[in-house]
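*Asks:* Mind looking over this structure? Questions follow.
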Amino acid sequence: MAVAKVVFMVFHVLLALALIAAVVLQSGKSAGLSGSIAGGAETLFGGKKKGLDELLSKVTVIVASLFAATALLLVLWK
Numbered sequence: 002m003a004v005a006k007v008v009f010m011v012f013h014v015l016l017a018l019a020l021i022a023a024v025v026l027q028s029g030k031s032a033g034l035s036g037s038i039a040g041g042a043e044t045l046f047g048g049k050k051k052g053l054d055e056l057l058s059k060v061t062v063i064v065a066s067l068f069a070a071t072a073l074l075l076v077l078w079k
């Protein structure tokens with residue numbers, strides 16, 4: 002029983018690191034006034050990495066859900 006809890010704790014820490022990495026790798030949604038002017042040109046000419054941002058967004062949601070589930074599991078574990 003104790004080994005399984007340690008395995009879940011290690012998995013939880015790995016999820017935390019993955020969540021941090023997924024959030025840090027995402028590009029910002031706004032960069033102030035200059036970002037709003039240049040951002041229009043980027044979307045017009047396809048300069049944004051939309052595919053990577055969408056993938057990182059989905060990964061963030063999945064990893065955050067798993068992180069919350071493992072946190073609840075570890076709290077309720079007796």
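To convert a position in the sequence shown, counted from 1, into my numbering, add 1.
For glycine and all other residues, C-beta sits at the position ideal for the given N, C-alpha and C.
Note that this is a predicted model, so its numbers are computed, not measured.
Just confirm the distance between the C-beta atoms of leucine 107 and leucine 57, as a whole number of angstroms; I'd bet it's less than 8 Å.
*Replies:* Lying before the first or after the last residue shown, residue 107 is absent from the chain, which here runs from 2 to 79.
*Asks:* For alanine 17, which of Lys79, Leu53 and Ala69 has the nearest alpha-carbon?
*Replies:* Alanine 17 has its Cα closest to that of Ala69, out of Lys79, Leu53 and Ala69.
*Asks:* Would you say valine 62 touches the ligand GTP, meaning its beta carbon is less than 6 Å from a heavy atom?
*Replies:* With respect to the ligand GTP, the structure shown offers nothing to examine, as it has no ligands at all.
*Asks:* Return helix, strand or coil for methionine 2, following the three-state DSSP convention.
*Replies:* Looking at methionine 2 - three-state DSSP - the assignment turns out to be coil, as it is neither helix nor strand.
*Asks:* To the nearest angstrom, report how far apart glycine 29 and valine 8 are at their CA atoms.
*Replies:* If I take the Cα positions, the gap works out to 34 Å.
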